[in-house]
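To start, the structure itself, in structure tokens.
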Amino acid sequence: MSHDYDDQNIFARILRGEIPCNKALESEHTFAFHDIQPQAPVHVLVIPKGPYVNADHFAEAASDPEIADFTRAVARVAREAGVAEAAGGNGYRIIANTGPDGRQDVPHFHVHVIGGERLGRMLPQREG
Ligand code: AMP
């Protein structure tokens, strides 16, 4: 499967410093910033610095160091935002919308870290 990366997507432009953002964290392979339209008191986007379109592409093509760094950065964001239980928080949710059915809007892999209040159910309950 091909994963054509559009280097004009908004997160690529944030990574290049062409668009401002409210930075939360940066590590060797990973960058994190606050979502411009937060869905909860804590809503941070964590993205790899590399050009990966979605979760599938990242898992397939990223190096082990990139994947390890990303995974640890997600956890660090949650701890530093105070939502991780290890940091005295009450938990959080991580979401990676992927592709059209996953309702992914920005074609640069990202994980949403959401918390700071009791969230609703992950998906609306199905009828029946
Ligand atoms: P998704 O629908 O999973 O692709 O999520 C894209 C997210 O990016 C949404 O939650 C947007 O609010 C967020 N977003 C879009 N543009 C920006 C921006 N310039 N800075 C921060 N967050 C953004």
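All you need for our numbering is the position in the sequence shown, starting with 1, plus 954.
Glycine is no exception: its CB is placed at the ideal position from the N, C-alpha and C atoms.
Query raised in the report: Could you give the C-beta distance for Leu999 and His1064, rounded to a whole number, given that I count them as a contact under 8 Å?
Result: Between His1064 and Leu999 the Cβ distance is about 5 Å, and since that is below 8 Å, they are a contact.
**Report entry** Under 8 Å between C-beta atoms of Ala1038 and Ala1029
**Finding:** yes
Report task. With a threshold of 7 Å, establish whether the CB of Leu1097 neighbours any heavy atom of the ligand AMP. Result -> Any answer about residue 1097 is impossible in this case: the structure gives the chain only from 955 up to 1082.
Query - Straight-line Cα distance separating Ala1041 from Tyr1006 - result: 30 Å
Query raised in the report: DSSP on Ala1041, reduced to helix/strand/coil?
Result: helix
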